[in-house]
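Peer 1: Supplied in structure tokens, the structure appears directly below.
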Amino acid sequence: MPLLNTILVGFKEVWTHKFRSVLTMLGIILGVASLVGMAAIIKGMENGMKEAMIAMGGADKVLLEQQEVPVDQEHLADQAPGRTMLDVQALKQAAPMLRVVSPEMAVNNVLLTRADKTCMPSECVGVWSAVVEMNLHTLEHGRFFTELDEEHANPVCVIGTAIRDELFGSPEQVGQEIVPIGEVIQINSQPFTIVGMFARYEGEREKKERELAKTKPAEEVAGPSRQRGWGRRGNWAFQRKNLTIYMPLNTAWVRFRAAGDKDGIPDPRLSDIDLKVGDMSELEPALQQARNVLMLTHRGIEDFGFRTQENQLESINTQIRNARMSGGVIAAISLLVGGIGIMNIMLASINERIREIGICKAVGATGLAVFIQVLIESVVIAMLGAAMGVMASYGFVRVLELVSPTANAPVITTGALLIAVAFSIGVGVVAGLFPAFKAARLHPIQALRYE
Amino acid sequence: MALVELRNVSKIYQLGGEEIRALDDVSLDIDSGEFISIIGPSGSGKSTLMHILGCLDSPSKGTIQLDGVMIQNASARELAAMRNRKIGFVFQFFNLLPKLNVTQNVELPMIYSGINGKERRKRALAALEAVDLVNRAKHRPSQLSGGQQQRVAIARALVNDPRIIFADEPTGNLDSHTGDAILSLFRRLSQEGRTIVLVTHDPEIAAVTPRRIEIRDGKIATKVDLTLAGLAGRQTAANLSQPSPSA
Ligand SMILES: Nc1ncnc2c1ncn2[C@@H]1O[C@H](COP(=O)(O)OP(=O)(O)O)[C@@H](O)[C@H]1O
Ligand SMILES: [Mg+2]
């Protein structure tokens, strides 16, 4: 029996029981929609996380972290020196495999004020100019700190665009871009001069949306303006980066005693030391070199560790794998339920058609022909369900786009679509096997006699 | 060699430990071109015999040769092929597929013999022409009268040009006038050289066939003269119009 004909007959059979067939397909529809939807969410998450990683300094950034001393050094814990400028100088001099060493001294609980406007920065840090390369900053306006600024602990700062937006007004509000170089703002009541401003950091998607909004005339919004959905503010990592304010390291130390003090004695500990190695393929030996240097400056007390972005990547991948797994399980359960539904309906359907099957057999249908006919019908149901599921998943993803943060906007992947459709067809085949076998085995006489 | 050779065929059903001999040691020859009726009261085993002759069922004992092929041990697949190529069936309840139209119903056997669509359409139309139903080609079975449905069934039986046609009580569900029309259609087909086996419980219907075989309790009855005469040889056309004594 020609395949095309069989498929047509299968479609016809489904068409005669439209309502019943759609109900049957529901499991498959939900299964496909949830599989594709989940995959899209996860893909969105992945994109967001990767963007965030770049925003935070890229894959070659290594954090020198403070750690608990190992068990066998517990008695020395009191003498652990922590991360100080001594380490930074030593690394710069004695660890040539490191390309960039960037010390940071954070100033905590900072409030920025200018006239009646205030702003809480995501971080207010004393830095060297190495930080620009370390955190992949782009200085768009003004200058960065000079050695003189550092030397004199000058009250100067470089800000991200979000701080400008808060204190001077954003281009969207004001209608023009304000470059506040030379303006004075208060950092915890100390006057600082803005000497530079970074570029605006944003994800691909936000950028596109912003450009689009620029070309379109602003719509009149009725009522109080309000953000659509929650968390619709783009990637938090970019958001954070735009809210950064830097000052010279020495300024932080001299004017804020940034790292606090210990029993009244100023504590010169740094809040962070970040490293970049010259050659990523030499990461291990470079870190070993750094470790050797630090073991000297720390008098053998191992109160530090390295955190590479590889660890970060790994944890991102683990998260994604877990999300995939749970999404897959949900989709698999839906598809299983869909398969059971199809099997159920196929059994009912052949039961209704026992006489018809008898007639076909009387005019020469072989068991195989009947088997294939029923199987194809089952696959047709599954495929129609998959097609509807794909459509449903597009709708589903549209809805998700409206409620999820822009940076993590779900992205439908071809791979997920193919897998979902392939699985549905597989489910159709498996669900059809038993009913098809039952139909094929019917004895012609008994089938003809069946009332 | 006869077209059909049945030798010592029995069909035994086991019903709750009881043995029912639906057919009991039946031997029978049917020649090519014969028009033959199988007659007997209800439950005598006529349908069982027809099913075995028509490769719808296998005998419990005995041998059957159909068109030179031994089929008592044939597989389901081989039996399906025999039904498809060499046998046409006409049933009491028409047995048309309700979801297909007339042409599609007639095409059905050809679908299983893998004939392409164009050829199928051509032959289906020819078969419908033979039963004078071309004008109903696109109708559904439910839109036709009983007699018309039975003619569609006959067209379907003819369409693969079978060696033999079996009709099980083909007029059983029709009024006498329509039934007569169906019978004369069979007579015409017989005159065109087709081999036809007509199964009926009605002696008046059996009277139209030159040869009659009577079945009682699963055995071929030997008492009836006419049947014996039938076994002895083919009857002349003159007998066709004579009313036959009831069995
Ligand atoms: N599947 C079956 N199981 C048991 N007995 C059967 C079966 N089919 C037919 N019979 C019995 O075989 C006998 C002959 O049946 P059948 O050939 O249908 O008679 P007819 O067609 O002459 O009316 C009946 O007694 C019937 O009960
Ligand atoms: Mg019967």
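If you read the protein sequences in the order shown, they are chains A and B.
Sequential numbering from 10 applies to the first sequence in this note's numbering.
Sequential numbering from 149 applies to the second sequence in this note's numbering.
Ideal Cβ positions, reconstructed from N, Cα and C, are used throughout, including at glycine.
Could you tell me whether the Cβ of Lys396/B comes closer than 8 Å to any Cβ of chain A?
Peer 2: With chain B running from 149 to 395 in the structure shown, residue 396/B is simply not present.
Peer 1: Arg123/A to Gly336/A, Cα distance in whole Å?
Peer 2: 48 Å
Peer 1: Between the C-alpha atoms of Leu245/B and Phe443/A, what's the straight-line distance to the nearest angstrom?
Peer 2: 24 Å
Peer 1: In the segment 183-241 of chain B, which residue ranges form an unbroken alpha helix (DSSP H) of at least 4 residues, counting only runs that do not cross its ends?
Peer 2: 194-201, 224-234
Peer 1: In this structure, what does DSSP give as the bridge partners for Val167/A?
Peer 2: Gly205/A, Tyr255/A
Peer 1: Can you list, in chain order, the residues of its chain whose CB lies under 8 Å from that of Ala89/A, leaving out five sequence neighbours each side?
Peer 2: Scanning its chain for C-beta atoms nearer than 8 Å, with the 5 sequence neighbours on each side dropped, one finds around Ala89/A the residues Val78, His307, Ile310, Asp312, in chain order.
Peer 1: In the DSSP assignment, what residue or residues form a beta bridge with Val193/A?
Peer 2: Thr202/A
Peer 1: Are the CB atoms of Leu171/B and Gly366/B within a distance shorter than 8 Å?
Peer 2: Less than 8 Å separates the beta-carbon of Gly366/B from that of Leu171/B.
Peer 1: Do Leu151/B and Arg299/B have their CB atoms nearer than 8 Å?
Peer 2: no
Peer 1: Checking contacts by CB at 8 Å: is Ser261/B closer than that to chain A?
Peer 2: yes
Peer 1: On the DSSP letters alone, give me the boundaries of the alpha helix (DSSP H) that Val188/A sits inside.
Peer 2: First-last for Val188/A: undefined, no H or E at that position.
Peer 1: In the DSSP assignment, what residue or residues form a beta bridge with Gln75/A?
Peer 2: Phe313/A
Peer 1: Please report the residue range of the alpha helix (DSSP H) in which Gly327/B lies.
Peer 2: 324-339
Peer 1: Between the C-alpha atoms of Glu255/B and Phe405/A, what's the straight-line distance to the nearest angstrom?
Peer 2: So the alpha carbons of these two residues sit roughly 45 Å apart.
Peer 1: So, helix, strand or coil for Pro105/A, using DSSP?
Peer 2: coil
Peer 1: For a contact defined as C-beta to C-beta under 9 Å, what are the partners of Asn14/A on chain B?
Peer 2: Ordered by position in chain B, the residues that pass the 9 Å Cβ test against Asn14/A are Ile259, Gly265.
Peer 1: Can you find a C-beta in chain B that's less than 8 Å from the C-beta of Val372/A?
Peer 2: yes
Peer 1: Consider the Cβ of Glu6/A: report whether some Cβ of chain B lies at a distance smaller than 8 Å.
Peer 2: The shown model of chain A, from 10 to 460, leaves out residue 6/A, and the question about it has no answer.
Peer 1: With distances taken from CA atoms, which of Ala449/A, Asp81/A, Phe315/A is nearest Arg300/A?
Peer 2: Phe315/A
Peer 1: Between Gly376/A and chain B, is any beta-carbon pair separated by less than 8 Å?
Peer 2: Chain B places a beta carbon closer than 8 Å to that of Gly376/A, counting this residue as a contact.
Peer 1: Tell me the rounded alpha-carbon separation between Lys285/A and Val302/A.
Peer 2: 16 Å
Peer 1: Any C-beta of chain A sitting closer than 8 Å to the C-beta of Asp309/B?
Peer 2: no
Peer 1: Taking the beta strand (DSSP E) that Leu451/A falls in, what are its first and last residues?
Peer 2: Careful: Leu451/A lies outside any beta strand (DSSP E) and carries neither H nor E.
Peer 1: Taking DSSP as the reference, what is the three-state secondary structure of His26/A?
Peer 2: coil
Peer 1: Under a Cβ-count criterion, where at least 16 other Cβ atoms within 10 Å of its own Cβ denotes burial, should Ile50/A be classed as buried or exposed?
Peer 2: buried
Peer 1: Pairs of beta-carbons, one from the segment 24-43 of chain A and one from the segment 375-391 of chain A, closer than 8 Å: are there three or more?
Peer 2: yes
Peer 1: Would you say Lys247/B faces chain A, with C-beta separation under 8 Å as the test?
Peer 2: yes
Peer 1: How about Ala418/A and Arg214/A: do their beta carbons lie closer than 8 Å?
Peer 2: yes
Peer 1: If we define contact as Cβ-Cβ less than 8 Å, is Lys21/A a contact residue for chain B?
Peer 2: Answer yes: the Cβ-Cβ gap between Lys21/A and chain B drops below 8 Å somewhere.
Peer 1: Just how far apart, CA to CA, sit Asn117/A and Gln298/A?
Peer 2: 32 Å
Peer 1: When you compare the CB positions of Ser280/A and Glu113/A, do they come within less than 8 Å of one another, or not?
Peer 2: Cβ atoms of Ser280/A and Glu113/A: closer than 8 Å.
Peer 1: Of all the CB atoms in chain E, is at least one closer than 8 Å to the CB of Asn243/B?
Peer 2: In the structure shown, chain E cannot be found, because the protein chains are A and B.
Peer 1: Among Met106/A, Gly66/A, Val45/A, which one has its Cα closest to the Cα of Gly287/A?
Peer 2: Per the Cα distances, Met106/A.
Peer 1: Just checking: is the beta-carbon of Leu457/A within a distance shorter than 8 Å of some beta-carbon in chain B?
Peer 2: yes
Peer 1: Please identify the residue among Arg169/B, Asp205/B, His325/B, Arg271/B whose C-alpha is closest to the C-alpha of Ser293/B.
Peer 2: Closest option to Ser293/B, judged by alpha-carbon separation, among Arg169/B, Asp205/B, His325/B, Arg271/B: His325/B.
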